[in-house]
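Have a look at the structure below, then the notes.
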Amino acid sequence: MEKPDCRLNEMHVVYMKSGLWVYPIFNVLNIPQRIVFFACSYATGFLFYFLGERINYYLWALKTHLVLSFIGLLTNKEWLQKVRRKKDKKEKKHDCNKKNIVLVTLKLMYLHNDIFKNIRNFKRKEMDNVFTQGLI
């Protein structure tokens, strides 16, 4: 689909090059009237597009997908029982996950400190070797 502003630019380019308007109505209108005309055209196009989107949403998405599937799910007892079971399992998993996250974080902090201690000790040993061997 072509952008409306491209069409507007094309009409003005044709007018600038040839001195003739693509649509004869623009020959009658002066500049402020043309501005109002194009603004109203854009607004009308937008309103039709927006209205079409809303109608499409209410006809298809809202009625068929949301309402009918929701009513079908509410009448299905097996589905409700599965949802309740999953909810209970998720709550238990979250408790375990919180504990695991704390433990993993503590382990990482401990390993992080050990790594930095080893790096510091390694650097000290290297510097001691440099001084003892007389390289500096």
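Quick note: the sequence shown uses the working numbering, first residue 882, plus one each step.
For each residue, glycine too, the CB sits at the ideal point set by N, CA and C.
Note that this is a predicted model, so its numbers are computed, not measured.
Cβ neighbours of residue i in the same chain (closer than 7 Å, five flanking residues each side left out)
i	result
Tyr896	Trp902
Phe1021	No answer is possible for residue 1021: it lies beyond the span of the chain, which begins at 882 and ends at 1017.
Asn890	none
Expected contact under 8 Å - CB spacing of residue i and residue j to nearest Å
i	j	result
Phe927	Arg915	Not a contact, Cβ separation roughly 19 Å.
Minimum Cβ-Cβ distance from residue i to chain C less than 7 Å
i	result
Arg915	Structure shown: chain C not included; a single protein chain is present.
Cα-Cα separation between residue i and residue j, rounded to whole angstroms
i	j	result
Tyr923	Arg888	12 Å
Arg966	Phe929	47 Å
Arg935	Thr925	15 Å
Cys921	Lys963	54 Å
Ser899	Trp941	48 Å
Pro905	Leu932	30 Å
Tyr938	Ile912	39 Å
Met882	Val894	Model confidence at Met882 stands at a pLDDT of 47, short of 50, so the residue's coordinates are unreliable and nothing is read from them.
Beta-carbon contacts of residue i that lie in its chain and below 6 Å, excluding the five residues immediately before and after
i	result
Met892	Val903
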